[in-house]
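First the structure, in the form of structure tokens, and then the observations on it.
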Amino acid sequence: MIALFNQLLADGMSPHVAWRVAFAIAPVPILLSASVDDIETGDKKDFKVTITAINMVSELDAVVNEPLTLSMADEIILNPLTWLPSLAYMTTFGYELAIDANLANVLYTLLESPTFGQTKAGYVNLLEQSLRLI
Numbered sequence: 000m001i002a003l004f005n006q007l008l009a010d011g012m013s014p015h016v017a018w019r020v021a022f023a024i025a026p027v028p029i030l031l032s033a034s035v036d037d038i039e040t041g042d043k044k045d046f047k048v049t050i051t052a053i054n055m056v057s058e059l060d061a062v063v064n065e066p067l068t069l070s071m072a073d074e075i076i077l078n079p080l081t082w083l084p085s086l087a088y089m090t091t092f093g094y095e096l097a098i099d100a101n102l103a104n105v106l107y108t109l110l111e112s113p114t115f116g117q118t119k120a121g122y123v124n125l126l127e128q129s130l131r132l133i
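In this text, residue positions in the sequence shown follow numbering that gives the first Met the number 0: the first is 0, and each later residue adds one.
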């Protein structure tokens with residue numbers, strides 16, 4: 000996408016317009032083509048649904064059919080199964096997004112030179128993100 004952005008700049012587009020065109024040309028069609036496989040085609044009467052029963056019992060599978068009381072709400076709120084997943088998500092994913100959003104700008108500001116511009120700062124940021132997958 001950055002190579003396409005650079006080519007559009009070389010063709011005479013302003014950076015503002017070139018970035019939006021590059022975004023529309025590169026990732027949007029890829030995302031749309033990836034989602035096409037999920038769309039069902041044909042008449043609805045031709046689709047058959049198969050339901051398979053699995054006998055798994057867990058302490059989390061029990062349904063409580065009682066009215067909500069203050070003591071029950073207190074028990075639900077204090078249970079780590081309720082708040083721990085959301086706490087982990089908030090502390091890790093939010094932090095990761097903040098780093099990803101600002102790393103290229105920080106690198107560009109710190110290392111700005113004739114040979115190190117925003118494009119190379121974006122490449123370094125991409126490399127850092129790729130190393131997290133390993």
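Where a beta carbon is used, it is the ideal one built from N, C-alpha and C, also for glycine.
Values in this document were obtained by computation on a predicted structure and should not be read as measured data.
Is the separation between the beta-carbon of residue i and that of residue j shorter than 8 Å?
i	j	result
ASN124	LEU102	yes
ILE81	ILE75	Looking at the sequence itself, residue 81 is Thr, so the reference to Ile does not match. Yes, Cβ-Cβ distance for THR81 and ILE75 is below 8 Å.
Out of the options, which one is the CA nearest neighbour of residue i?
i	options	result
ASN104	TYR94, MET89, TYR122, PHE92	TYR122
ILE1	ARG131, LYS119, LEU130	LYS119
ARG131	PHE92, SER85, LEU7, ALA25	PHE92
ASP99	SER112, SER129, ALA72	SER129
Here's a check: name, in chain order, each residue in its chain whose Cβ is nearer than 8 Å to the Cβ of residue i, leaving out the five neighbours to either side.
i	result
GLU127	LEU102
MET12	VAL20
ASN64	none
Could you name the residues that DSSP lists as bridge partners for residue i?
i	result
PHE115	SER112
To which residues of the same chain is residue i closer than 7 Å at the C-beta, ignoring the five residues directly before and after it?
i	result
PHE4	ALA17, TRP18, ALA21
PRO14	LEU8
Quick one: what's got a C-beta closer than 6 Å to residue i's C-beta in the same chain, skipping five residues either side?
i	result
TYR107	GLN117, ALA120
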